[in-house]
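Novice:
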Amino acid sequence: MIDMLILGFEQILNFNLLINMFLGVLAGIIAGAIPGFTITMAIILTLPFTFAMSPTVGIATMLGVFVGGLSGGLITAALLGIPGTPSAVATTFDAFPMVKNGQPGRALGIGIWASFFGSLLSMILLITLAPQVANLAMKIGPWEYFSLIVFALTIIASVTGDSVVKGLLAGLLGLLIATIGLDPMSGTARFTFGIGFLEAGVPFLTVLIGIFAVSRLLTELENKEEVKQGEKLVTGKIKFEIFTSLKEVLGQPINLIRSSLLGALIGAIPGAGASIANILAYDQAKKGSKHPDKFGTGIPDGIIASESGNNSTAGGGLIPMIALGIPGSAVSAVMLAALQIHGINPGPMLIINNPEIVGTIFVGFFIATIFMLLIQFSGARLFLKITHIPKYILVPTVMALCVIGSYLLNNRYSDLYILFVMGIIGYFLKKYNFSLAPVILGVILGPIAETNLRRSMMTSPDWTLFFTRPISLGFLILGLLSIMYSIWQSYSVKKKSNGI
Amino acid sequence: MGELILGIIFFLLSLIIFFQAGSLPDSSYEPLGPAGFPRIIVLLMGILSFFLIVKKIRSIDFDKINLNFRTIYKKYKLIFVTLINFLFYILIMRFIGFRISTFLFVFITQLLLGPRDKKKYLLISIIALVISLGSYYFFQNYLGVIFPTGIFFE
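Line by line, the protein sequences give chains A and B.
The opening residue of the first sequence carries number 2 in our numbering; numbering runs sequentially from there.
The opening residue of the second sequence carries number 2 in our numbering; numbering runs sequentially from there.
#1: Against Arg95 (chain B), what residues of chain A qualify as contacts under a CB-to-CB distance less than 8 Å, listed in chain order?
#2: Report the residues of the region 51 to 83 of chain B with a CB closer than 9 Å to any CB of chain A, ordered along the chain.
#3: Do you know offhand how far Phe148 (chain B)'s Cα is from Phe139 (chain B)'s?
#4: Roughly how many whole angstroms lie between the Cα atoms of Gln104 (chain A) and Lys240 (chain A)?
#5: So, is Arg100 (chain B) buried or exposed, given that buried needs 16 or more other C-beta atoms within 10 angstroms?
#6: Pro391 (chain A) bridges to which residues according to DSSP?
#7: Would Ala324 (chain A) be called buried (16 or more neighbouring beta carbons within 10 Å of its own) or exposed?
#8: Counting only C-beta atoms, is Ser455 (chain A) closer than 8 Å to chain B at any point?
#9: Within 8 Å (strictly less), CB to CB, does Leu141 (chain B) reach chain A?
#10: Relative to chain B, which residues along the region 391 to 414 of chain A have a C-beta separation below 9 Å, given in chain order?
#11: Take the Cβ of Lys386 (chain A) as the centre, count every other Cβ of all protein chains shown within 10 Å, and call the residue buried at 16 or more, exposed below.
#12: Counting only the same chain and skipping the five closest in sequence on each side, list residues whose C-beta sits under 6 Å from that of Gly447 (chain A).
#13: Relative to the C-alpha of Gly252 (chain A), which candidate in A:Val440, A:Phe429, A:Ile305 has its C-alpha closest?
#14: Based on the DSSP secondary-structure assignment, which residues constitute the bridge partners of Arg191 (chain A)?
#15: Does the contact criterion of 3 or more C-beta pairs under 8 Å hold for the region 87 to 105 of chain A versus the region 43 to 50 of chain A?
#16: Do we get a CB-CB distance below 8 Å when we pair Thr298 (chain A) with the residues of chain B?
#17: Select from A:Phe16, A:Val90, A:Gln12 the residue whose C-alpha is nearest the C-alpha of Pro56 (chain A).
#18: Counting only C-beta atoms, is Asp294 (chain A) closer than 8 Å to chain B at any point?
#19: So what's Leu489 (chain A) in DSSP terms, helix, strand or just coil?
#20: Could you name the residues of chain A that Ile91 (chain B) contacts, counting a contact when the two beta carbons are closer than 9 Å?
#21: Indicate whether at least one CB of chain A lies closer than 8 Å to the CB of Gly151 (chain B).
#22: Please classify Ile323 (chain A): does DSSP put it in a helix, a strand, or coil?
#23: Kindly list the residues whose CB is nearer than 6 Å to the CB of Val151 (chain A), restricted to its own chain and excluding five residues on each side of it in sequence; keep chain order.
#24: Leaving out five residues on either side along the sequence, give the residues of the same chain with a beta carbon under 6 Å from the beta carbon of Ser473 (chain A).
#25: Rounded to the nearest angstrom, how far is the Cβ of Ile1 (chain A) from that of Gly317 (chain A), given a contact under 8 Å?
#26: How many Å lie between Val364 (chain A) and Gly475 (chain A) at the Cα?
#27: Give a single yes or no on whether Leu170 (chain A) has its beta carbon closer than 7 Å to a heavy atom of the ligand SAH.
#28: Looking only at C-alpha atoms, which of A:Met458, A:Ile426, A:Ile368 sits nearest to Asn15 (chain A)?
#29: Would you kindly work out how many angstroms separate the C-alpha atoms of Thr1 (chain A) and Gly380 (chain A), rounded to a whole number?
#30: Check Gln111 (chain B) in the structure and name its three-state DSSP category.
#31: What residues in its chain sit with their C-beta under 8 Å from that of Gly443 (chain A), if we drop five residues either side in the sequence?
#32: For the alpha helix (DSSP H) that contains Pro439 (chain A), what are its first and last residues?
Next up, the structure:
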């Protein structure tokens with residue numbers, strides 16, 4: 002292992018490689034901050050550039066884009082309340098309220114440090130646990146998958162906002178939206194109501210942009226007089242203290258480690274990833290907290306959980322890729338493709354045949370994380386200026402960016418109609434205190450849940466398998482516990498507040 | 002009141018989807034078929050929205066409801082204005098192209114939302130120009146995205 006790390010350092014300490022990697026991190030951060038521009042897209046766009054590079058330089062550059070992208074979503078999520086990537090959805094829950102309370106510097110600072118430590122912890126896990134975790138991930142069949150998704154769906158119960166019924170309705174709406182279009186198993190068109198373009202389905206990123214971004218922008222316009230006078234998101238001087246935020250993040254070691262572990266584990270399961278991990282980490286932080294009622298009001302705990310949770314999926318996602326040669330996510334799939342183009346065969350033999358590649362990944366990951374920290378902190382003062390732009394300029398501009406983002410996902414004009422409708426739905430749900438996160442969870446998890454449920458029923462019509470396969474049963478029990486715990490928690494919070 | 006209406010919409014939606022799902026074909030090799038999963042969803046949705054409706058009807062004070070469109074419009078004027086602009090933006094993009102429609106949307110919406118101050122016009126037009134042309138050439142040149150060009154440039 003030590004040999005491999007030394008080998009990795011030898012590869013990395015190369016001026017050309019470091020420059021490429023730095024640019025990769027920078028590009029990743031920018032891509033992550035633009036709503037609709039995903040990390041996967043950024044990695045795919047990097048792929049052609051890596052053809053001309055040596056395999057180690059190529060893989061290091063892609064790692065840079067990956068790590069940068071995961072932390073870039075933080076910027077727009079915190080400062081505008083619009084998640085730049087799906088992996089930053091839970092960051093908006095507490096970071097944006099903190100910004101609204103007049104502390105944008107604090108929110109950004111905590112987020113950056115949490116990303117940094119999440120990334121670092123997952124790298125340590127990657128180096129030490131790669132083979133073990135990969136073995137566990139391999140035991141996952143459709144039954145386990147379905148049960149995992151059921152577990153993930155139970156998170157809805159704890160991010161419901163003021164009413165569990167309304168939160169569940171929002172989650173069901175998300176599940177229903179995801180069924181529009183061609184059925185994934187049989188190819189039958191479902192619920193298109195004769196509208197041709199709906200057959201292609203409703204892309205979940207368009208739902209994300211519409212529900213979160215467009216509705217958020219409309220909400221900002223509710224106070225007519227102030228907008229007319231050039232109201233800004235934050236008035237007053239912005240404080241940005243790097244070391245105060247560092248202290249705040251390190252003051253919560255349990256939250257940080259738990260969220261990073263969760264993120265790494267979710268990242269290692271093929272198909273899951275950062276978009277689920279951040280909400281799961283937030284949920285667990287809330288459940289483990291002594292003051293769960295404060296979540297959502299702008300406390301550091303929520304930001305730390307979400308940002309360390311999503312950044313640590315990077316290390317987790319690389320575990321099955323290195324140990325088994327199978328991609329844990331779309332991002333690592335593209336990286337695998339890049340290796341294959343250079344004639345390197347990923348698989349269990351990778352560690353033996355190409356130790357320099359594995360070493361580069363380990364060390365490169367570390368360096369990318371450092372670059373991310375440097376770029377984020379030197380850019381932070383610039384990013385923070387966003388909150389001083391008057392709303393009458395900010396709203397139309399960001400709306401136009403949302404249109405661009407939704408359009409370039411598929412180059413499909415009809416997606417813009419979907420964006421418009423989703424924006425209105427999101428606005429009304431938000432207006433009447435339906436929480437929006439369940440909708441997104443539903444849209445992301447719905448198709449995975451349905452496909453695996455039906456696949457498992459096709460493999461064997463025996464539904465008891467969900468309860469007799471140990472990992473599947475474990476996830477289901479976790480799901481049950483999670484629901485029971487959130488009900489108990491919301492009950493005890495209510496009791497406490499009644500007592501005062 | 003809004004929650005009640007949303008509850009009713011959810012309830013109607015679940016009814017519609019439930020019956021729509023009935024017309025989907027069955028599958029011989031698969032026990033659940035395309036209709037199974039959506040039906041589970043809308044069944045739960047129907048029950049929950051029914052709960053919500055009952056709960057809200059009990060707590061609502063029907064005398065206080067004010068459905069005067071004019072007062073609602075006045076209160077949410079900026080949102081209406083922005084949404085209408087947004088809809089027009091999407092609808093006309095196909096005809097006049099991405100560049101012109103984006104410029105018009107960003108420019109006009111800023112104008113309508115912002116203070117009436119002639120000094121700001123220059124700033125507003127520069128922003129609209131940068132957003133529309135900048136993004137167009139950036140995405141077209143570097144990412145090969147083809148935006149609608151519109152009848153004026155064909």
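Ideal Cβ placement from N, Cα and C applies to all residues, glycine included.
Specialist: Reading it off the structure:
#1: The residue labelled residue 95 (chain B) in the question sits at position 94 within the second sequence. The answer, in chain order, is Tyr414.
#2: Residues passing the 9 Å Cβ filter: Phe52, Leu53, Lys56, Lys75, Lys76, Tyr77, Lys78, Leu79, Ile80, Val82, Thr83.
#3: Within the second sequence, numbered from 1, the residue matching residue 148 (chain B) stands at position 147. Within the second sequence, numbered from 1, the residue matching residue 139 (chain B) stands at position 138. The alpha-carbon atoms of Phe148 (chain B) and Phe139 (chain B) are separated by roughly 11 Å.
#4: Translated into the one-based positions of the first sequence, residue 104 (chain A) becomes position 103. Translated into the one-based positions of the first sequence, residue 240 (chain A) becomes position 239. If I take the Cα positions, the gap works out to 7 Å.
#5: As a first step, residue 100 (chain B) must be located in the second sequence, where it is residue number 99. Per the 10 Å Cβ criterion, buried.
#6: Reading the first sequence from its first residue, position 390 is the one you call residue 391 (chain A). Answer by DSSP bridge pairing, in chain order: A:Lys233.
#7: Residue 324 (chain A) sits at position 323 when you count from the first residue of the first sequence. Buried, since its Cβ has 16 or more Cβ neighbours within 10 Å.
#8: Translated into positions along the first sequence, residue 455 (chain A) becomes position 454. First, the amino acid is wrong: residue 455 (chain A) is Arg here, not Ser. Closer than 8 Å: yes.
#9: Mapped onto the second sequence, residue 141 (chain B) falls at position 140. The displayed chain sequence assigns Gln, not Leu, to residue 141 (chain B). No, Gln141 (chain B) lies away from the interface with chain A (no Cβ there is under 8 Å from its Cβ).
#10: Pro391, Lys392, Tyr393, Ile394, Val396, Pro397, Thr398, Met400, Ala401, Leu402, Val404, Ile405, Tyr408, Leu409, Asn412, Tyr414
#11: Translated into the one-based positions of the first sequence, residue 386 (chain A) becomes position 385. Burial call: exposed.
#12: Translated into positions along the first sequence, residue 447 (chain A) becomes position 446. Cβ within range, chain order: Leu176, Ala179.
#13: Indexing the first sequence from 1 puts residue 252 (chain A) at position 251. That would be A:Ile305, whose Cα lies nearest to the Cα of Gly252 (chain A).
#14: Translated into the one-based positions of the first sequence, residue 191 (chain A) becomes position 190. According to DSSP, which records beta bridges pairwise, Arg191 (chain A) is partnered with A:Gly182.
#15: no
#16: For this step, residue 298 (chain A) is matched to residue 297 along the first sequence. No, its Cβ sits nowhere closer than 8 Å to a Cβ of chain B.
#17: Translated into the one-based positions of the first sequence, residue 56 (chain A) becomes position 55. Scanning A:Phe16, A:Val90, A:Gln12 for the CA closest to the CA of Pro56 (chain A) turns up A:Gln12.
#18: Reading the first sequence from its first residue, position 293 is the one you call residue 294 (chain A). Any Cβ of chain B closer than 8 Å to the Cβ of Asp294 (chain A) would place that residue at the interface, and such an atom is absent.
#19: Here residue 489 (chain A) refers to the residue found at position 488 of the first sequence. Here residue 489 (chain A) is Trp; the residue named in the question, Leu, does not match the sequence. Correct three-state label for Trp489 (chain A): helix.
#20: The residue labelled residue 91 (chain B) in the question sits at position 90 within the second sequence. Per Cβ cutoff of 9 Å: Val404, Tyr414, Leu417, Tyr418, Leu420, Phe421.
#21: Within the second sequence, the letter at position 150 stands for residue 151 (chain B). No, Gly151 (chain B) lies away from the interface with chain A (no Cβ there is under 8 Å from its Cβ).
#22: Taking the first sequence and counting its residues from 1, the one referred to as residue 323 (chain A) is at position 322. DSSP places Ile323 (chain A) in helix when its eight states are reduced to three.
#23: The residue you call residue 151 (chain A) lines up with position 150 of the first sequence. Here the set comprises Gly480.
#24: Working through the first sequence from its first residue, we reach residue 473 (chain A) at position 472. So the list reads Trp144, Glu145, Ser148, Phe467, once near-sequence residues are dropped.
#25: Chain A is shown only over 2 to 501; residue 1 (chain A) falls outside these bounds and no answer can be derived.
#26: Within the first sequence, residue 364 (chain A) is the residue found at index 363, counting from 1. Within the first sequence, residue 475 (chain A) is the residue found at index 474, counting from 1. Going by the C-alpha atoms only, they are around 35 Å apart.
#27: Only the bare structure without any ligand can be found here, which leaves the ligand SAH out of the picture.
#28: Sequence index remark: in the first sequence, residue 15 (chain A) carries index 14 (1-based). Checking every option, the nearest Cα to that of Asn15 (chain A) belongs to A:Ile368.
#29: For residue 1 (chain A) there is no data in the structure shown, the boundaries of chain A being 2 and 501.
#30: Translated into the one-based positions of the second sequence, residue 111 (chain B) becomes position 110. Of the three classes helix, strand and coil, the one that applies to Gln111 (chain B) here is helix, per DSSP.
#31: On the first sequence, residue 443 (chain A) is found 442 positions in, with the first residue counted as 1. The answer, listed in chain order, is Leu154, Ile157, Ala171, Gly172, Leu173, Leu174, Gly175, Leu176, Leu177, Ile178, Ala179.
#32: As a first step, residue 439 (chain A) is located in the first sequence; it is residue number 438 there, counting from the start. 438 to 460 is the extent of the alpha helix (DSSP H) around Pro439 (chain A).
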